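Chemist: Throughout the sequence shown, residue numbering follows this note's numbering, covering 58 to 133 in sequence.
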Amino acid sequence: MERKYLRLLNTKAEIKPAGRKANPKKLDVQAGKVKELQDQGLSEKEITEQLYIGRAIFYRMKRRLRGTYNELYGLK
């Protein structure tokens, strides 16, 4: 039983995540669009409807923007 469990753990560790890697340039462009619309004072719902993205992507872009800001100013 223990051997079977160890084999299962090893297999799980070797599995690569599915899907395609995101293109960083495209992500930066999309994050820039989100930033522009935020600066115009649009709400989260208005931005997601305009860009045809979901809420999760919206918050991912916000987090990406915060990351670039932190990198620029050496914050964590």
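Glycine included, every Cβ here is placed at the ideal spot set by N, Cα and C. Predicted, not measured: the structure shown is a model, and the values here were computed from it.
If you run the structure through DSSP and keep just helix, strand and coil, what is Y109?
Modeler: Looking up residue 109 in the sequence shown gives position 52. The answer is coil: DSSP assigns Y109 none of H, G, I, E or B.
Chemist: Under 8 Å, do L122 and K92 count as touching if we go by C-beta distance?
Modeler: On the sequence shown, position 65 is the one that residue 122 refers to. On the sequence shown, position 35 is the one that residue 92 refers to. Cβ atoms of L122 and K92: closer than 8 Å.
Chemist: Please go through the same chain and pick out, in chain order, the residues whose beta-carbon is closer than 7 Å to the beta-carbon of F115, but skip the five residues on each side of it.
Modeler: Here residue 115 is taken as the residue at index 58 of the sequence shown, counted from 1. Around F115: V91, E101, I104 and T105.
Chemist: Starting from L94, follow the alpha helix (DSSP H) in both directions and report where the run begins and ends.
Modeler: Counting from one through the sequence shown, the residue named residue 94 turns up at place 37. Per DSSP, L94 belongs to the alpha helix (DSSP H) from P81 to D96.
Chemist: Does the Cβ-Cβ distance between M118 and Q97 come in under 8 Å?
Modeler: Numbered from its first residue, the sequence shown carries residue 118 at position 61. Numbered from its first residue, the sequence shown carries residue 97 at position 40. No, Cβ-Cβ distance for M118 and Q97 is not below 8 Å.
Chemist: Helix, strand or coil for M58, going by three-state DSSP, please let me know.
Modeler: Residue mapping note: residue 58 aligns to position 1 of the sequence shown, counting from 1. Here M58 sits in coil by DSSP.
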